[in-house]
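Notes for the one structure printed next.
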Amino acid sequence: MASEEKSGNSIVETIKTVVYALLIAGVFRTLFFQPFWIPSGSMKETLLIGDFLFVNKMAYGYSYASCPSLPFAGVDAEDLCGFLKNDNNRIWGGEPERGDVVVFRHPVSGVDYIKRLVGLPGDTLQVKNGVIILNGKPVPQEPDGIFTETNAPQGPQGRRPGCENGPVALGAVCEKPRFVETFPNGTSHKILNIADLPADNTAVFRVPEGQFFFMGDNRDNSADSRLAQVRGGVGFVPYENLIGRADRIVFSSAGTSMLYFWTWRGDRFLKGVH
109 MASEEKSGNS IVETIKTVVY ALLIAGVFRT LFFQPFWIPS GSMKETLLIG DFLFVNKMAY
169 GYSYASCPSL PFAGVDAEDL CGFLKNDNNR IWGGEPERGD VVVFRHPVSG VDYIKRLVGL
229 PGDTLQVKNG VIILNGKPVP QEPDGIFTET NAPQGPQGRR PGCENGPVAL GAVCEKPRFV
289 ETFPNGTSHK ILNIADLPAD NTAVFRVPEG QFFFMGDNRD NSADSRLAQV RGGVGFVPYE
349 NLIGRADRIV FSSAGTSMLY FWTWRGDRFL KGVH
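For reference, each letter of the sequence shown is one residue, going 109 to 382 in this note's numbering.
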């Protein structure tokens, strides 16, 4: 009898441990980090389709967009932070920096996007021949070789990548010129740009107070702040719509399922986002 009681207690303790661990993980996930799976190629090569990362919510504090929900307690984000909506403010707000890779909520559709922060409040910004003119000065770009990938359907929508050496056959090598772009604050990152498209030449934008201007690193494959919201773009993004900063890739898979271990990109596990 004693051994049966001991065995029963052991099972109960194990169950309690698992439940506590799940609760702690749930709180940790909702309060501090949000998982995000890269569904498109708009941030290549910084982020590839199939990269899985955690977004640091603490970087910018909390707003209605980044406020955590507690589903295990029956509490959603509107219950906790609904009072913050439409005031363009945050709790424990931190200021984003130019060059941050940010997950934000689209001001119109409510869909979560991930792009690079290019323009801060008060900035003037224009794109000429693919080069950013920031506050009247070109942002330097240095050639950095060629980015290559396979010309094949990618992501949930099965779209093929654009190629400078295209059109190329299915399964052939697709090439894109790569550049290193350096902002005035000294941060550098890689961008891809194939050819002069309409979005490579824009009017002058002036970023309003309390809002931000975002662009994708894969410049010819990004519906970002260069395009007005009525044209399917992002437009200016309010401070309250920022969810968090992407700091590190946790896992990456080039396949349609993370279970296909032969498609895992081991060289991207725990890779920092710059």
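Cβ atoms here follow ideal geometry from the backbone N, Cα and C, with glycine treated the same way.
| Query | Result |
| --- | --- |
| In whole angstroms, what separates the C-alpha of L130 from that of E205? | Any reading at L130 needs caution, since the residue's pLDDT is 46, under 50, leaving its predicted position unreliable; the model's value is listed next. Straight-line Cα distance between these residues: approximately 34 Å. |
| So A354 and V211 are supposed to be a Cβ contact under 8 Å. How far apart are they, rounded? | 6 Å |
| For my contact list, N301 and V276 are in at a C-beta cut-off of 8 Å; report their separation, rounded to the angstrom. | The pair is not a contact, with the Cβ atoms about 18 Å apart (cut-off 8 Å). |
| Where does C189 sit, in a helix, a strand or coil, going by DSSP? | helix |
| Taking 8 Å as the threshold (C-beta atoms), are F162 and F141 in contact? | yes |
| Check for me: the beta strand (DSSP E) holding E153 runs from which residue to which? | That residue, E153, is in no beta strand (DSSP E); it is neither H nor E in DSSP. |
| Please state the DSSP three-state secondary structure of Y210. | The sequence given here has Val at residue 210, not Tyr. Three-state result, V210: strand. |
| Give me the Cβ distance between E348 and S171, rounded to the nearest whole Å; I'm assuming they're in contact under 8 Å. | 4 Å |
| Would you decide whether A167 is buried or exposed? Buried here means 16 or more other CB atoms lie within 10 Å of its CB. | buried |
| G270 and D328 look like a contact to me (Cβ under 8 Å); what is the Cβ gap, rounded to whole Å? | 6 Å |
| Using 10 angstroms around the beta-carbon of Q265, count the other beta-carbons present and answer buried if the total reaches 16, otherwise exposed. | exposed |
| By the DSSP assignment, the beta strand (DSSP E) with V288 in it spans what residues? | V281 to T290 |
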